[in-house]
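A.B. asks: These protein sequence lines map, in sequence, to chains V and B.
Under this note's numbering, the first residue of the first sequence is numbered 6, with each subsequent residue one higher.
Under this note's numbering, the first residue of the second sequence is numbered 61, with each subsequent residue one higher.
Have a look at this one before I ask anything.
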Amino acid sequence: MAVSTPPRAPAPLAAHHLTKRFGQRVALSDVSLDVRVGERLAVIGPNGAGKTTLLAILAGVLAADEGSVSRETRALGWVPQQPAVYSKLSVAENLRLFARLERVADPEAAVGRMLEQTGLRERADDELGRLSGGNRQRVNIAIGLLADPPVLLLDEPSSALDPRQRERLWELIEGQASAGTSIVFSTHIVGEAERYGDRVLVLADGELVFTGTPEDLHAQEPAAARDFEAAFVAFLRARGH
Amino acid sequence: MRWLLVKDVQILRRSPLLVSLLVLYPVAIALLIGLALSRGPERPRVAFLNQVPPGQSTISLGNENINAAKYASQLFQSIQPVRVRSRQEAIDAVNSGRALAALIIPSDITRKLSSGLEPGEVEVVYNGDAVKQSFVESTISSKLADANAALADKLKQVGLQDVDLLLNGGTFDLFGRSVPILGLRATRTIIAAELARLKPGSPERGALGRVDRFARLAVNNLDLSKQALATISQPVTVKRTLLHGRRTPLDAFAVAVAVTVSLMFVCVLLGAGMLALEREENAFARLVRGLVSRESLLAEKVCLSGGCAFAASLLMLVGIGAFVGLNWGRFGLWVAALAVGALAFAALGVAIGALAREVRAASLLGLLLTLPLAFLALVPSGAVAVGVYDAIRVISALFPFKPALQALDAALNDTRPGVGISLLHLAGLAVAFGTIARLSLRRFA
Ligand SMILES: Nc1ncnc2c1ncn2[C@@H]1O[C@H](COP(=O)(O)OP(=O)(O)OP(=O)(O)O)[C@@H](O)[C@H]1O
Ligand SMILES: [Mg+2]
Numbered sequence: 006m007a008v009s010t011p012p013r014a015p016a017p018l019a020a021h022h023l024t025k026r027f028g029q030r031v032a033l034s035d036v037s038l039d040v041r042v043g044e045r046l047a048v049i050g051p052n053g054a055g056k057t058t059l060l061a062i063l064a065g066v067l068a069a070d071e072g073s074v075s076r077e078t079r080a081l082g083w084v085p086q087q088p089a090v091y092s093k094l095s096v097a098e099n100l101r102l103f104a105r106l107e108r109v110a111d112p113e114a115a116v117g118r119m120l121e122q123t124g125l126r127e128r129a130d131d132e133l134g135r136l137s138g139g140n141r142q143r144v145n146i147a148i149g150l151l152a153d154p155p156v157l158l159l160d161e162p163s164s165a166l167d168p169r170q171r172e173r174l175w176e177l178i179e180g181q182a183s184a185g186t187s188i189v190f191s192t193h194i195v196g197e198a199e200r201y202g203d204r205v206l207v208l209a210d211g212e213l214v215f216t217g218t219p220e221d222l223h224a225q226e227p228a229a230a231r232d233f234e235a236a237f238v239a240f241l242r243a244r245g246h
Numbered sequence: 061m062r063w064l065l066v067k068d069v070q071i072l073r074r075s076p077l078l079v080s081l082l083v084l085y086p087v088a089i090a091l092l093i094g095l096a097l098s099r100g101p102e103r104p105r106v107a108f109l110n111q112v113p114p115g116q117s118t119i120s121l122g123n124e125n126i127n128a129a130k131y132a133s134q135l136f137q138s139i140q141p142v143r144v145r146s147r148q149e150a151i152d153a154v155n156s157g158r159a160l161a162a163l164i165i166p167s168d169i170t171r172k173l174s175s176g177l178e179p180g181e182v183e184v185v186y187n188g189d190a191v192k193q194s195f196v197e198s199t200i201s202s203k204l205a206d207a208n209a210a211l212a213d214k215l216k217q218v219g220l221q222d223v224d225l226l227l228n229g230g231t232f233d234l235f236g237r238s239v240p241i242l243g244l245r246a247t248r249t250i251i252a253a254e255l256a257r258l259k260p261g262s263p264e265r266g267a268l269g270r271v272d273r274f275a276r277l278a279v280n281n282l283d284l285s286k287q288a289l290a291t292i293s294q295p296v297t298v299k300r301t302l303l304h305g306r307r308t309p310l311d312a313f314a315v316a317v318a319v320t321v322s323l324m325f326v327c328v329l330l331g332a333g334m335l336a337l338e339r340e341e342n343a344f345a346r347l348v349r350g351l352v353s354r355e356s357l358l359a360e361k362v363c364l365s366g367g368c369a370f371a372a373s374l375l376m377l378v379g380i381g382a383f384v385g386l387n388w389g390r391f392g393l394w395v396a397a398l399a400v401g402a403l404a405f406a407a408l409g410v411a412i413g414a415l416a417r418e419v420r421a422a423s424l425l426g427l428l429l430t431l432p433l434a435f436l437a438l439v440p441s442g443a444v445a446v447g448v449y450d451a452i453r454v455i456s457a458l459f460p461f462k463p464a465l466q467a468l469d470a471a472l473n474d475t476r477p478g479v480g481i482s483l484l485h486l487a488g489l490a491v492a493f494g495t496i497a498r499l500s501l502r503r504f505a
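Below, the structure is given as structure tokens:
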């Protein structure tokens, strides 16, 4: 008797057995994953766990020592942890430059759309160097979204944002995902992983220690039933991290 | 690449301090080097004491009177005379630095020269400073040599006139009276006529024959002595043959050095700094993710820094050309030398930027590397031991300063090696440093 599985679109992004070393230090060890169309994948783990390294390899910025990634580089939007913007250019000039480099069909329209979505229209002509850290981060995120890519990689996008901006950010990401964009994001706010992640990926010391839904992770630590964050900490502690 | 270039120009426009430093610093350095290399004061100040009493400044040589004042004025064209009245005053002027040296003409000089038996003597008083001393000494002794040669020439003229008179006859001025002189050639004609009239075997014939033979001998040898006299006035003349290197007026060479230094600084500092800035702003990783290739990024930085430096140095050269005599007919070659030089320097700049990775480190490395290279390239052969000079030549050939200087010097002053070979050298260096930059970008992000 044949088991019928629902037809699945090919994963727009998949990684197989990624390992990355920096000298003696193993930043990533045998990590595999795949992301489905419109799926939101949260990557969590302590400082130095390898989240940034993983996202950089997925983005094609860093080469893995072992393993492979299947993806189309140009089809990936990437928002690095450190804002990658020109501090001598204004908000609009930064957006316009990257829209042109991305060969967006109508750069001006894309710039206008991003100014609207990030709520930075009044600051459009301000130099980035004069903006607050959170506002710089908003421009950083906007640049990643400019080309409307089918896969979006965001490294701690919500850090430095105030609660209202964080709210706006997740609304934006929800909207993208429901339009079919696959999202991979890392965060230290584990509540965000629970709320906005369809699946959670837990990294510790470069190893992939958990993949599953937030509920699955929660179920692993029934003692810490109060909240997801407590369950996450208990989970790591039980595994010696 | 176009948009990156536009972006970089925008960034530069918004960094006026950086840009003015980048332009002013090399210009200042270039001017300093130009000053150090250019000639000393065109006419050194020399205290001048003339002890010859007025009215006795003429030297009479045979039939000729020579005015010593004429030779003094020749000397004054190459010095700035500070007239003094006594020997002590002359020495004070040198001691106080009012004059670099003092030149004292003793009162007996015209008498000695007129006698034709004793050489005239002048006194030169120096200070201890070695540089000034050799500078003044060479100026004065070269001028004295000129004066000596001119006097010797005069003496030769007088001698030749006398010999001519003896040979061909004429009139000779003696205390205002004209005395007719027969001349040896006329004497021989008269004797020959007399001999023809005498019968063979006549007793006078033997004596007159001896006089005739002597006259013939004298005519022939005095003719030769005229040539000998002509040689005496300039026994050895110098014929210059240039093998390698430059025969450039020092200030035209200083122009080439100053402009090349500016070209180098702007290219290297801008190329290295702007490339390192891409990394410091974290934009590099974003750019090379399929937006621009690493090669295009390097090419863009080379265009930016090379273009700015080319424009700045061409402007500088044109500005200098308004004051210093340059050969404008070779303008096309200036442009070629500056353009290819800019390319090679910019390639060096991006290589430094790619290696240093941070703006500050890149600027520091740029300065630390280029300044000594410029000085090395200026070490003249013969100033150091042969082995050291060979090492310097090899190092200088590995970096663009020396070939860029040679190219510009050749373009400006038509020196050797020609522009073409230096341009080829520069193009080779541009490729080499471009490759180093590209390889260094592997570990850039
Ligand atoms: N360029 C590098 N050179 C050497 N070691 C590095 C480099 N980048 C990362 N590492 C090391 O790799 C490990 C993983 O770093 P990574 O930045 O991926 O951690 P992370 O999970 O993103 O941490 P955080 O939450 O603090 O951002 C760390 O131990 C880090 O020190
Ligand atoms: Mg990180």
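By construction, the Cβ of each residue, glycine as well, lies at the ideal position given by its N, Cα and C atoms.
Excluding the five sequence neighbours on either side, which residues of its own chain have a C-beta within less than 8 angstroms of the C-beta of residue 486 of chain B, listed in chain order?
C.D. replies: Translated into the one-based positions of the second sequence, residue 486 of chain B becomes position 426. So the list reads 400, 401, 403, 404, 460, 463, 464, 467, once near-sequence residues are dropped.
A.B. asks: Using only CA atoms, which one of V/71, V/105, V/15, V/77 lies nearest to residue 33 of chain V?
C.D. replies: Start at 1 with the first residue of the first sequence, and residue 33 of chain V comes out as number 28. When only C-alpha atoms are compared, the closest one is V/71.
A.B. asks: Grab the span of the beta strand (DSSP E) containing residue 186 of chain B for me, first residue to last.
C.D. replies: Within the second sequence, residue 186 of chain B is the residue found at index 126, counting from 1. Residue 186 of chain B -> beta strand (DSSP E) spans 183-186.
A.B. asks: As an exercise, report each continuous alpha helix (DSSP H) stretch of at least 4 residues that is fully enclosed by the segment 171-231 of chain V, in chain order.
C.D. replies: 195-201, 219-225
A.B. asks: Less than 8 angstroms between CB atoms is the rule here; does residue 318 of chain B satisfy it with respect to chain V?
C.D. replies: Numbered from its first residue, the second sequence carries residue 318 of chain B at position 258. False, the Cβ-Cβ gap to chain V never drops below 8 angstroms.
A.B. asks: Report the residue from V/238, V/220, V/240, V/147 whose alpha carbon sits nearest the alpha carbon of residue 162 of chain V.
C.D. replies: As a first step, residue 162 of chain V must be located in the first sequence, where it is residue number 157. Among V/238, V/220, V/240, V/147, the Cα nearest to that of residue 162 of chain V belongs to V/147.
A.B. asks: Does the structure place the segment 193-206 of chain V close enough to the segment 38-47 of chain V that three or more beta carbon pairs sit under 8 angstroms?
C.D. replies: yes
A.B. asks: Quick one: is residue 254 of chain V near chain B, going by C-beta distance under 8 angstroms?
C.D. replies: Look at the range of chain V in this structure, 6 to 246, and you will see that residue 254 of chain V is not part of it.
A.B. asks: Let me confirm a value: residue 378 of chain B is counted as buried when at least 16 other C-beta atoms fall within 10 Å, else exposed. Which label applies?
C.D. replies: For the purposes of this step, residue 378 of chain B is taken as residue 318 along the second sequence, with counting starting at 1. So residue 378 of chain B counts as exposed.
A.B. asks: By how many angstroms is the C-alpha of residue 116 of chain V removed from the C-alpha of residue 157 of chain V?
C.D. replies: Counting from 1 along the first sequence, the entry for residue 157 of chain V is found at position 152. Counting from 1 along the first sequence, the entry for residue 116 of chain V is found at position 111. If I take the Cα positions, the gap works out to 18 angstroms.
A.B. asks: Starting from residue 151 of chain V, find everything on chain B with Cβ-Cβ shorter than 9 angstroms and list it in chain order.
C.D. replies: Along the first sequence, one-based indexing puts residue 151 of chain V at 146. Those do not exist, as residue 151 of chain V stays about 11 angstroms from chain B at its closest Cβ, beyond 9 angstroms.
A.B. asks: Going by C-alpha distance, which of B/375, B/409, B/489 is nearest residue 358 of chain B?
C.D. replies: Residue 358 of chain B sits at position 298 when you count from the first residue of the second sequence. Selected option, being the one with the closest Cα: B/409.
A.B. asks: May I have a chain-ordered list of the beta strand (DSSP E) segments no shorter than 3 residues that lie completely inside the segment 72-111 of chain V?
C.D. replies: 81-84
A.B. asks: Going along the segment 94-111 of chain V in order, which residues come within less than 8 angstroms of chain B, judged by CB to CB distance?
C.D. replies: Per Cβ criterion, the list reads 94, 98, 102, 103, 105, 106, 107.
A.B. asks: Do residue 105 of chain V and residue 388 of chain B have their C-beta atoms within less than 8 angstroms of each other?
C.D. replies: Taking the first residue of the first sequence as 1, we reach residue 105 of chain V at position 100. Taking the first residue of the second sequence as 1, we reach residue 388 of chain B at position 328. No, the Cβ-Cβ distance between residue 105 of chain V and residue 388 of chain B is not below 8 angstroms.
A.B. asks: For chain B, find out if any of its Cβ atoms is closer than 8 angstroms to the Cβ of residue 191 of chain V; answer yes or no.
C.D. replies: Numbered from its first residue, the first sequence carries residue 191 of chain V at position 186. Not flagged as an interface residue toward chain B: residue 191 of chain V, since no C-beta distance is shorter than 8 angstroms.
A.B. asks: Following a CB-centred definition, is residue 462 of chain B positioned closer than 7 angstroms to any heavy atom of ligand 2?
C.D. replies: As a working mapping, residue 462 of chain B is identified with position 402 in the second sequence. The answer is no for residue 462 of chain B.
A.B. asks: Whose CA, out of B/350, B/436, B/360, lies closest to the CA of residue 332 of chain B?
C.D. replies: Taking the first residue of the second sequence as 1, we reach residue 332 of chain B at position 272. Nearest option by C-alpha distance: B/360.
A.B. asks: Pull out every residue of the segment 137-148 of chain B whose Cβ sits closer than 7 angstroms to any Cβ of chain V, in chain order.
C.D. replies: none
A.B. asks: Check the Cβ of residue 420 of chain B against every Cβ in chain V and list those closer than 9 angstroms, keeping chain order.
C.D. replies: The residue labelled residue 420 of chain B in the question sits at position 360 within the second sequence. Here the premise fails: no neighbours, minimum Cβ distance about 16 angstroms.
A.B. asks: Taking C-beta to C-beta, are residue 423 of chain B and residue 372 of chain B nearer than 8 angstroms?
C.D. replies: Your numbering for residue 423 of chain B matches position 363 in the second sequence. Your numbering for residue 372 of chain B matches position 312 in the second sequence. No, they are not a contact pair.
A.B. asks: Output the residue ranges of the alpha helix (DSSP H) runs that lie fully inside the segment 105-159 of chain B and measure 4 residues or longer, sorted by chain position.
C.D. replies: 128-136, 147-156
A.B. asks: Going by DSSP in three states, residue 67 of chain B sits in which element: helix, strand or coil?
C.D. replies: Here residue 67 of chain B refers to the residue found at position 7 when the second sequence is read from its first residue. If DSSP states are grouped into helix, strand and coil, residue 67 of chain B belongs with the helices.
A.B. asks: Residues of chain B with CB closer than 9 angstroms to the CB of residue 85 of chain V, please, in chain order.
C.D. replies: By one-based count along the first sequence, residue 85 of chain V stands at place 80. Within 9 angstroms Cβ-Cβ: 342, 345, 346.
A.B. asks: According to DSSP, is residue 30 of chain V helix, strand or coil?
C.D. replies: Taking the first sequence and counting its residues from 1, one reaches residue 30 of chain V at position 25. Three-state result, residue 30 of chain V: strand.
A.B. asks: List, from N- to C-terminal side, the beta strand (DSSP E) runs of 3 residues or more that fit wholly inside the segment 451-485 of chain B.
C.D. replies: none
A.B. asks: Does any residue of chain V have a CB that is nearer than 8 angstroms to the CB of residue 351 of chain B?
C.D. replies: Looking up residue 351 of chain B in the second sequence gives position 291. Closer than 8 angstroms to some Cβ of chain V, the Cβ of residue 351 of chain B qualifies, so yes.
A.B. asks: If I measure Cβ to Cβ from residue 318 of chain B and keep anything under 7 angstroms in the same chain, skipping five residues before and after, which residues do I get?
C.D. replies: Within the second sequence, the letter at position 258 stands for residue 318 of chain B. Result list for residue 318 of chain B: 90, 91, 93, 94, in chain order.
A.B. asks: By the 9 angstroms beta-carbon criterion, what residues does the segment 378-407 of chain B contribute toward chain V?
C.D. replies: none
A.B. asks: Shortest alpha-carbon distance to residue 59 of chain V belongs to which of V/193, V/96, V/36, V/133?
C.D. replies: Numbered from its first residue, the first sequence carries residue 59 of chain V at position 54. The shortest Cα separation from residue 59 of chain V among V/193, V/96, V/36, V/133 belongs to V/36.
A.B. asks: If you draw a straight line from the C-alpha of residue 145 of chain V to the C-alpha of residue 66 of chain B, how long is it?
C.D. replies: Locating residue 145 of chain V in the first sequence gives position 140, where the first residue counts as 1. Locating residue 66 of chain B in the second sequence gives position 6, where the first residue counts as 1. Using only the alpha carbons, I get a separation of about 20 angstroms.
A.B. asks: Do you know how far the Cα of residue 188 of chain V is from the Cα of residue 178 of chain V?
C.D. replies: For the purposes of this step, residue 178 of chain V is taken as residue 173 along the first sequence, with counting starting at 1. For the purposes of this step, residue 188 of chain V is taken as residue 183 along the first sequence, with counting starting at 1. Taking the Cα positions, residue 178 of chain V is about 8 angstroms away from residue 188 of chain V.
A.B. asks: Where does the unbroken beta strand (DSSP E) through residue 238 of chain B begin, and where does it stop?
C.D. replies: Your numbering for residue 238 of chain B matches position 178 in the second sequence. In the DSSP annotation of this structure, the continuous segment of the beta strand (DSSP E) that includes residue 238 of chain B starts and ends at 237-241.
A.B. asks: Is it buried or exposed, residue 22 of chain V, if we count other Cβ atoms within 10 angstroms and call 16 or more buried?
C.D. replies: Stepping through the first sequence from its first residue, residue 22 of chain V is reached at position 17. Burial call: exposed.
A.B. asks: Using 8 angstroms as the threshold, is the C-beta distance between residue 144 of chain B and residue 108 of chain B below it?
C.D. replies: What you label residue 144 of chain B is simply residue 84 of the second sequence in a count that begins at 1. What you label residue 108 of chain B is simply residue 48 of the second sequence in a count that begins at 1. Contact flag set, yes.
A.B. asks: Can you check whether the CB of residue 82 of chain V is closer than 8 angstroms to the CB of residue 149 of chain V?
C.D. replies: Within the first sequence, the letter at position 144 stands for residue 149 of chain V. Within the first sequence, the letter at position 77 stands for residue 82 of chain V. Yes, these two residues count as a Cβ contact at 8 angstroms.
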